[in-house]
Amino acid sequence: MCPSLVRLALAMLLSSACCAAFAQYVWMDANGVKQYSDMPPPSSVPASRILKTPGAAAAQPAAPAPDASPSATPSVAEREAEFQKRRAAEEEKRRAEEQQAKLETTKKSVCEAARAQKRALDSGERLWRIDANGERRYLEDADRAAQLRDIQRTLEACN
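With mature numbering (1 follows the signal peptide of the UniProt record, and there is no 0) applied, the sequence shown corresponds to residues -23 to -1, 1 to 136, in that order.
As structure tokens, then:
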């Protein structure tokens, strides 16, 4: 026979023997002596005295569950409510930021228009407006001064 085949057969035999060795029961008998066997303990042994069964780790007394008060771990509904509150707060914050950005953009455009009007009024050129009849009406000095005052108030709000 091939030596590698013999080694394979030997390895399989040893590994199956190891598996059988793991199939052990451990329990404490009535006298307090540990008993080891591949057969289950007699039915007279209570389950609390069985220390190990095949395929299971050593049976240790179960640790008492930590006192989980309802307030310590929020329920799914509470977590969902908290999530919705955070989401609403973020949405409100985003809306406020958008509104603030719109206000700043509007204020900037108004200020630029006021500066342009002030430059035109300060230039000394003759300025005119279209009246209700559709005719040009040139600004007089009093009208020009009134507009300059209004523009100056607007520009003060810009700074």
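No residue lacks a Cβ here, since even glycine has one placed at the ideal position from N, Cα and C.
Computed from a prediction, not measured in an experiment: that's the story for all the values here.
In the structure shown, M(-12) adopts helical secondary structure according to DSSP, grouped into three states. With contacts defined by Cβ atoms closer than 8 Å, L125 and R92 do not form a contacting pair. Excluding its 5 nearest sequence neighbours in each direction, R71 has no C-beta neighbour in its own chain below 8 Å.
The alpha-carbon separation between W105 and A78 amounts to approximately 35 Å. Within the DSSP bridge table, the entry for I27 names W4 as partners. For S86, the enclosing alpha helix (DSSP H) starts and ends at V53 to S100.
Separation of G101 and N136 (C-alpha to C-alpha, rounded to the nearest whole angstrom) is 25 Å.
In its chain, beyond the 5 residues on either side, W105, R106 and I107 have a beta carbon closer than 8 Å to the beta carbon of R113.
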